[in-house]
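2 protein chains.
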Amino acid sequence: MPRPSTPLLSPDRIRSVALAIIDRDGLDGLSMRKLAASLGVQAASLYGHVRTKDQLLNDIASSVLSAVDVSGFSVDWREGLIRCARSYRAALSTHPNIVPFLAYGPAGRDESLQRLDLLHGALVDAGWSRREATMIAAGLMYIVFGSALSSFSSGFSSDPADYTDRYPHLDRAHLLPGVARELDRDSFELALAAFVRGL
Amino acid sequence: MPRPSTPLLSPDRIRSVALAIIDRDGLDGLSMRKLAASLGVQAASLYGHVRTKDQLLNDIASSVLSAVDVSGFSVDWREGLIRCARSYRAALSTHPNIVPFLAYGPAGRDESLQRLDLLHGALVDAGWSRREATMIAAGLMYIVFGSALSSFSSGFSSDPADYTDRYPHLDRAHLLPGVARELDRDSFELALAAFVRGL
DNA sequence: ACCTGAACACCGTTCAAGT
DNA sequence: ACCTGAACACCGTTCAAGT
């Protein structure tokens with residue numbers, strides 16, 4: 028009996044199923060064993076295609092972040108900053124459960140550094156000093172990651188009834204899941220606009 | 028033989044040793060078994076004083092955040108925002124390894140909500156709408172958490188030599204650990220100043 | 001070449017049992 | 001009242017063995 032011509036596993040298939048599990052069950056919901064089971068395979072088999080779980084997560088993160096758009100700097104540095112931040116946030120909110128991983132370890136992924144390098148170069152070309160360019164880029168990332176992480180939707184909208192009595196100023200209406208998403212976006216836009224205007 | 032009058036364990040002692048381990052070995056470096064060993068005890072014994080590991084981390088987080096200062100709003104809302112953000116960042120940078128936990132789960136800790144409530148109320152008193160107050164508070168938290176997380180020091184200062192060729196614009200000097208800390212602080216101050224000025 | 005079984009060194013948590 | 005031993009249901013990863 029000849030072996031089946033196509034193998035069961037490939038790095039691409041592993042990554043896409045892993046991302047689906049993360050989207051569904053959260054970052055903690057992904058284990059190599061569960062991933063293997065979803066692929067119809069034993070856990071050990073994964074290590075023929077993937078070096079470690081950490082490396083797998085890094086690869087997934089890179090692919091999620093490939094949607095970030097740094098093309099706006101050809102127009103104007105303010106426009107570039109805004110477009111970069113918006114597309115960054117959009118990419119992260121497509122797969123919110125992977126954000127804790129991004130925010131965790133060192134951001135030494137190649138694509139991230141490439142983008143940062145481009146952004147940095149554009150700011151220097153626009154007349155900022157190298158040091159200022161670094162700080163501006165950092166500030167932009169603060170707003171992007173801050174908004175992706177400490178969002179109201181995932182933050183504390185679980186049980187509005189608990190809050191009403193104890194926190195008189197907090198507006199109960201803002202904690203409803205539907206409103207929270209919109210509020211998250213508006214808060215991000217406000218922070219971004221204030222930051223860029225204040226530079 | 029009478030039992031020793033003072034028990035080996037107490038919630039306080041558990042929390043303080045756990046925080047020391049986190050500071051030394053990182054968030055992933057804390058396990059209930061290692062914590063128990065550091066306390067001269069078996070892992071199971073911890074569960075007489077602590078409900079779960081997650082609850083333990085929440086309690087530690089609350090104690091770290093108790094240093095946040097929201098008193099500045101009695102002066103002026105801009106001063107209040109700045110003082111709150113600075114003390115928040117200072118508290119987080121005293122124990123940077125616990126920040127990923129804070130950024131992770133829902134921020135439903137009582138003290139956090141109390142502070143948020145006070146901040147919110149102060150902004151409304153200053154004339155902002157409830158919705159605007161919520162967004163401003165969120166934006167401030169974006170900068171605080173963003174700066175605590177995606178810091179350059181822990182971010183990508185590990186091996187400057189790798190970067191030189193590949194990323195022409197990135198300033199190698201900014202990646203040295205000593206400079207990185209200072210740059211982190213200045214980036215935070217720049218983002219904070221730009222944000223508050225831009226409001 | 002690709003996958004498996006079994007093992008190693010870990011986890012958080014529970015619970016009957018000891019003192 | 002406080003701690004322990006042993007167990008349960010998990011982890012990530014390795015490696016000889018099978019096809």
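Quick mapping for you: the protein sequence lines, in order, are chains D and Z.
Following the numbering used here, the numbering of the first sequence begins with 28 at its first residue and continues without gaps.
Following the numbering used here, the numbering of the second sequence begins with 28 at its first residue and continues without gaps.
All residues carry an ideal CB built from backbone N, CA and C; glycine is no exception.
Bear in mind that the values here come from a model prediction, so they are computed numbers and not experimental data.
Partner residues on chain Z for D/V151, Cβ-Cβ distance less than 9 Å:
Residue numbering aside, residue 151 of chain D sits at position 124 when the first sequence is read from its first letter. The answer, in chain order, is H196.
Is the Cβ of Z/M59 closer than 8 Å to any Cβ of chain D?
The count along the second sequence starts at 1 and reaches residue 59 of chain Z at position 32. No, Z/M59 does not count as interfacial toward chain D.
Return yes when the Cβ of D/V102 is within less than 8 Å of the Cβ of D/R142, no when it is not.
Mapped onto the first sequence, residue 142 of chain D falls at position 115. Mapped onto the first sequence, residue 102 of chain D falls at position 75. Not a contact, by the Cβ cut-off of 8 Å.
Under the three-state reduction of DSSP, which class applies to D/W104: helix, strand or coil?
Stepping through the first sequence from its first residue, residue 104 of chain D is reached at position 77. Helix at D/W104.
Which first and last residues belong to the alpha helix (DSSP H) in which Z/S37 is found?
In the second sequence, residue 37 of chain Z corresponds to position 10, counting from 1. Careful: Z/S37 lies outside any alpha helix (DSSP H) and carries neither H nor E.
Environment of Z/P127 [buried if 16+ CB atoms lie within 10 Å]
In the second sequence, residue 127 of chain Z corresponds to position 100, counting from 1. It counts as buried.
What ranges does the beta strand (DSSP E) occupy inside the segment 49-95 of chain Z, keeping only unbroken runs of at least 3 residues that lie completely in it?
none
What span of residues does the alpha helix (DSSP H) with Z/L150 cover, start to end?
By 1-based counting over the second sequence, the position of residue 150 of chain Z is 123. Residues D137 to D152.
Nearest chain Z C-beta to D/I87 closer than 8 Å, yes or no?
Numbered from 1 along the first sequence, position 60 holds the residue referred to as residue 87 of chain D. No, because no Cβ of chain Z sits closer than 8 Å to the Cβ of D/I87.
Would D/L210 count as contacting chain Z if we go by Cβ distances under 8 Å?
Here residue 210 of chain D refers to the residue found at position 183 when the first sequence is read from its first residue. Interface residue, yes.
Z/A44 - DSSP class collapsed to helix/strand/coil:
Here residue 44 of chain Z refers to the residue found at position 17 when the second sequence is read from its first residue. Just to set this straight, residue 44 of chain Z is Val in the shown sequence, not Ala. Looking at Z/V44 - three-state DSSP - the assignment turns out to be helix.
Under a three-way DSSP split, which group does Z/P195 fall into?
The residue given as residue 195 of chain Z occupies position 168 in the second sequence. DSSP places Z/P195 in coil when its eight states are reduced to three.
Cα-Cα separation, Z/L54 to D/A112:
Start at 1 with the first residue of the second sequence, and residue 54 of chain Z comes out as number 27. Start at 1 with the first residue of the first sequence, and residue 112 of chain D comes out as number 85. Computed Cα separation, rounded: 29 Å.
Take D/L108 as the anchor and find which of D/P34, D/M162, D/I49 and D/R51 has the nearest alpha-carbon.
The residue you call residue 108 of chain D lines up with position 81 of the first sequence. The shortest C-alpha separation from D/L108 is found at D/M162.
Could you tell me the alpha carbon to alpha carbon distance between Z/E138 and Z/G148, rounded to whole angstroms?
As a working mapping, residue 138 of chain Z is identified with position 111 in the second sequence. As a working mapping, residue 148 of chain Z is identified with position 121 in the second sequence. Cα to Cα, the separation comes out at about 15 Å.
For Z/S58, which residues of its own chain have a beta-carbon under 7 Å away from its beta-carbon, when the five flanking residues on both sides are left out?
As a first step, residue 58 of chain Z must be located in the second sequence, where it is residue number 31. Taken in chain order, the list of residues that qualify is empty.
When the distance is taken between beta carbons, is D/L66 closer than 8 Å to Z/Y194?
Within the second sequence, residue 194 of chain Z is the residue found at index 167, counting from 1. Within the first sequence, residue 66 of chain D is the residue found at index 39, counting from 1. No. Outside cutoff.
Within 9 Å of chain D by C-beta, residues of the segment 160-174 of chain Z in sequence order
A160, T161, M162, I163, A164, A165, G166, L167, M168, Y169, I170, V171, F172, G173 and S174
For Z/D86 and D/F172, the rounded distance between their alpha carbons:
Taking the first residue of the first sequence as 1, we reach residue 172 of chain D at position 145. Taking the first residue of the second sequence as 1, we reach residue 86 of chain Z at position 59. Between D/F172 and Z/D86, the C-alpha separation is close to 24 Å.
According to the Cβ coordinates, are D/V68 and D/L35 closer than 8 Å?
Working through the first sequence from its first residue, we reach residue 68 of chain D at position 41. Working through the first sequence from its first residue, we reach residue 35 of chain D at position 8. Yes, Cβ-Cβ distance for D/V68 and D/L35 is below 8 Å.
Whole-angstrom distance between D/R42 and D/D50, CA atom to CA atom
Start at 1 with the first residue of the first sequence, and residue 50 of chain D comes out as number 23. Start at 1 with the first residue of the first sequence, and residue 42 of chain D comes out as number 15. Their Cα atoms are separated by approximately 12 Å.
Nearest residue (CA-CA) to Z/L226, options Z/A64, Z/A117 and Z/W104
What you label residue 226 of chain Z is simply residue 199 of the second sequence in a count that begins at 1. Per the Cα distances, Z/W104.
How many angstroms separate the CA atom of Z/A88 from the CA atom of D/G75?
Start at 1 with the first residue of the second sequence, and residue 88 of chain Z comes out as number 61. Start at 1 with the first residue of the first sequence, and residue 75 of chain D comes out as number 48. So the alpha carbons of these two residues sit roughly 40 Å apart.
How about D/D277: is its C-beta nearer than 8 Å to some C-beta of chain Z?
A query on residue 277 of chain D cannot be resolved here, the shown segment of chain D reaching from 28 to 226 and no further.
Would the beta-carbon of Z/L62 fall within 8 Å of that of Z/L73?
Residue 62 of chain Z sits at position 35 when you count from the first residue of the second sequence. Residue 73 of chain Z sits at position 46 when you count from the first residue of the second sequence. Against a cut-off of 8 Å, the Cβ pair of Z/L73 and Z/L62 comes out as a contact.
Mind checking if Z/E106 is an interface residue toward chain D, Cβ cutoff 8 Å exclusive?
Within the second sequence, numbered from 1, the residue matching residue 106 of chain Z stands at position 79. So no, Z/E106 is outside the interface.
Residues of chain D with CB closer than 7 Å to the CB of Z/H147, please, in chain order.
Start at 1 with the first residue of the second sequence, and residue 147 of chain Z comes out as number 120. Per Cβ cutoff of 7 Å: H196 and L197.
Span separating the alpha-carbon of D/R110 from that of D/H122
As a position in the first sequence, residue 110 of chain D is number 83, starting the count at 1. As a position in the first sequence, residue 122 of chain D is number 95, starting the count at 1. Whole-angstrom Cα-Cα distance: 19 Å.
8 Å contact criterion, which D/V91 and D/I125 should meet: CB distance rounded:
Residue numbering aside, residue 91 of chain D sits at position 64 when the first sequence is read from its first letter. Residue numbering aside, residue 125 of chain D sits at position 98 when the first sequence is read from its first letter. D/V91 to D/I125, Cβ: 6 Å. Contact.
Would you kindly work out how many angstroms separate the C-alpha atoms of Z/F100 and Z/L145, rounded to a whole number?
As a working mapping, residue 100 of chain Z is identified with position 73 in the second sequence. As a working mapping, residue 145 of chain Z is identified with position 118 in the second sequence. Using only the alpha carbons, I get a separation of about 9 Å.
When you check each C-beta in the segment 43-68 of chain D against every C-beta of chain Z, which residues fall closer than 8 Å?
none
Proximity winner among Z/F215, Z/A47, Z/E159 and Z/E106, relative to D/G166 (alpha-carbon distances):
Taking the first sequence and counting its residues from 1, one reaches residue 166 of chain D at position 139. Ranking the options by Cα distance to D/G166, first place goes to Z/F215.
Listed by chain order, chain Z residues near D/G154 by CB distance under 9 Å:
Numbered from its first residue, the first sequence carries residue 154 of chain D at position 127. Residues of chain Z passing the Cβ test: none, with the nearest at roughly 14 Å.
May I ask you to report which of helix, strand or coil DSSP gives Z/S174?
Walking along the second sequence from the start, residue 174 of chain Z turns up at place 147. Correct three-state label for Z/S174: helix.
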